[in-house]
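K.L.:
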Amino acid sequence: MNLSFKQVEKRFGALQVVDQFSSDIAPGELVALVGPSGCGKSTLLHLAAGLEKPSAGQVLADGQAVARPDPSRMLMFQENALYPWLTLAQNVAMALELQKTPRRQARRQAVAWLDKVRLKGFEDYFPHQVSGGMRQRCALARAFITQPEVLLLDEPFGALDALTRMTLQDALRTLIRETRPTVLLVTHDVDEALFLADRILVFSARPSRLLREFHLSASEKTHDLSNFAGMRREILSLLGITTDTASESLSYPEELAA
Ligand code: ADP
Ligand code: MG
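Per this note's numbering, residue 10 is the first one in the sequence shown, and the count goes up by one each step.
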């Protein structure tokens with residue numbers, strides 16, 4: 010599914026959040042949005058999901074104005090919203106049952122998708138009995154099981170430690186290769202954007218403007234991002250982060266670290 014923002018503006022009362030944003034996202038493309046906290050990244054996802062309406066301009070999905078939420082456009086948050094009183098399999102199956110899939114068939118498919126995200130054997134655990142990373146794997150299975158055409162991911166791994174995050178990024182990439190959705194990924198992790206994205210959009214602080222776009226070659230990417238060191242430096246510098254070669258550490262402005 011093609012996703013198209015045409016001169017989109019979004020204001021909340023007097024607060025101008027998005028200013029004249031235009032972009033076309035091709036079917037199957039993964040576009041990462043990075044920018045300072047509060048610049049309107051989540052707002053762009055909400056517009057694409059149909060949870061918010063633009064103050065001016067248009068958001069189109071396959072040429073049709075996005076007017077309301079639809080199961081073909083799936084939003085997933087950082088804090089997975091698994092139901093604590095349902096098992097992992099029931100949480101995943103729920104997505105299908107909402108679409109009127111019979112219960113037993115939904116269960117069978119849920120078990121298969123949990124296997125894909127390496128949760129075989131944990132089907133009947135409750136969310137509090139597994140780790141944060143496992144909960145987010147389950148949330149991925151639930152997001153993918155209905156095979157949405159558009160996935161809107163809002164810092165999906167932001168709450169996880171760095172190592173767990175990388176394994177989740179691998180899982181996400183495997184699922185994406187299998188189902189080829191169009192993906193908008195909001196992340197504050199530049200390395201995550203470099204690893205997963207076909208294209209990275211860097212935004213300024215509010216009212217946010219698109220500062221630059223980076224196209225990434227589709228060649229095999231690994232977590233060793235040394236090929237992208239130059240691009241990484243440029244993106245960090247656009248975000249106001251100094252990459253001092255003399256020191257190992259990066260200094261993050263406070264609002265980005267939040
Ligand atoms: P980001 O995801 O880039 O951190 P958001 O899109 O969440 O930023 O928010 C951008 C700005 O819009 C913030 O200042 C936020 O307070 C404001 N905002 C977001 N949603 C609403 C809303 N529904 N009503 C009023 N203000 C909002
Ligand atoms: Mg946000």
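All C-beta atoms in this analysis are idealised placements derived from N, C-alpha and C, irrespective of residue type, glycine included. On a predicted model such as this, the values are computed, not experimentally measured, just so you know.
How about Phe276 and Leu203: do their beta carbons lie closer than 7 Å?
P.N.:
Residue 276 lies beyond the stretch modelled for the chain, which goes from 10 to 267, so this question has no answer here.
K.L.:
Can you tell me whether Arg221 is buried or exposed? The criterion is at least 16 other CB atoms within 10 Å of its CB, across all chains shown.
P.N.:
Exposed.
K.L.:
Could you give the first and the last residue of the continuous alpha helix (DSSP H) run that contains Glu61?
P.N.:
It is not in any alpha helix (DSSP H) - Glu61 carries neither H nor E in the DSSP assignment.
K.L.:
Cβ of Thr52 within 6 Å of any heavy atom in ligand 4?
P.N.:
No copy of ligand 4 appears in this structure; the ligands present are ligand 1 and ligand 2.
K.L.:
Going by the beta-carbon positions, is the gap between Asp170 and Leu39 smaller than 7 Å?
P.N.:
No, these two residues do not count as a Cβ contact at 7 Å.
K.L.:
Please look up how many angstroms separate the CB atoms of Pro45 and Leu56, rounded, as I've assumed it's under 8 Å.
P.N.:
Wrong, their Cβ atoms sit about 19 Å apart, outside the cutoff.
K.L.:
Report the residue from Gln99, Leu219, Gly66 whose alpha carbon sits nearest the alpha carbon of Ala121.
P.N.:
Closest by alpha carbon: Gln99.
K.L.:
With a 10 Å radius around its C-beta and 16 neighbouring C-beta atoms as the bar for buried, classify Thr196 as buried or exposed.
P.N.:
Label assigned to Thr196: buried.
K.L.:
With three or more C-beta pairs closer than 8 Å as the rule, is the region 182-196 touching the region 13-26?
P.N.:
Output reads no: the region 182-196 does not touch the region 13-26.
K.L.:
Looking at the secondary structure, which residues open and close the alpha helix (DSSP H) in which Arg113 lies?
P.N.:
Where Arg113 is concerned, the enclosing alpha helix (DSSP H) stretches over 112-125.
K.L.:
Identify which residue in Phe14, Ser235, Leu248 has its Cα closest to the Cα of Asp33.
P.N.:
Closest by alpha carbon: Phe14.
K.L.:
Measuring alpha carbon to alpha carbon, tell me which of Asp163, Thr155, Ala150, Leu210 ends up nearest Leu181.
P.N.:
Among Asp163, Thr155, Ala150, Leu210, the Cα nearest to that of Leu181 belongs to Ala150.
K.L.:
Skipping 5 residues on each side, what residues in its chain have a beta carbon closer than 6 Å to that of Phe223?
P.N.:
Once the five neighbours on either side are set aside, the close Cβ partners of Phe223 are Ile209, Met240.
K.L.:
Per DSSP, what kind of secondary structure is Glu106 in: helix, strand or coil?
P.N.:
Glu106: helix per DSSP, three-state reduction.
K.L.:
How would you write the range of the beta strand (DSSP E) that Ile209 sits in, first residue to last?
P.N.:
Residues 208-212.
K.L.:
Taking only the alpha-carbon atoms, compute the straight-line gap between Val26 and Pro216 and give it to the nearest angstrom.
P.N.:
For Val26 and Pro216, the distance between alpha carbons rounds to 5 Å.
K.L.:
Report the option in Thr96, Glu106, Ala102 whose CA atom is closest to the CA atom of Asp133.
P.N.:
The option with the nearest alpha carbon to Asp133 is Thr96.
K.L.:
In angstroms, rounded to a whole number, what distance separates the CA positions of Gln29 and Leu42?
P.N.:
Rounded to the nearest angstrom, the two C-alpha atoms are 16 Å apart.
K.L.:
Tell me whether Cys147 counts as near ligand 1, meaning its Cβ is closer than 6 Å to at least one heavy atom of that ligand.
P.N.:
It does not: the Cβ of Cys147 is nowhere closer than 6 Å to a heavy atom of ligand 1.
K.L.:
If you draw a straight line from the alpha carbon of Ala58 to that of Ala23, how long is it in whole angstroms?
P.N.:
Computed Cα separation, rounded: 23 Å.
K.L.:
Between Phe21 and ligand 1, is there a pair consisting of the residue's CB and a ligand heavy atom that are separated by less than 6 Å?
P.N.:
Yes, since a heavy atom of ligand 1 falls inside the 6 Å radius drawn around the Cβ of Phe21.
K.L.:
Can the beta-carbon of Thr155 be found less than 7 Å from the beta-carbon of Pro36?
P.N.:
No, Cβ-Cβ distance for Thr155 and Pro36 is not below 7 Å.
K.L.:
Can you grab the Cα-Cα spacing for the pair Ser31 / Leu248, in whole Å?
P.N.:
Roughly 20 Å between the two C-alpha positions.
K.L.:
Do Leu234 and Asp200 have their C-beta atoms within less than 7 Å of each other?
P.N.:
Cβ distance < 7 Å, so Leu234 and Asp200 count as in contact.
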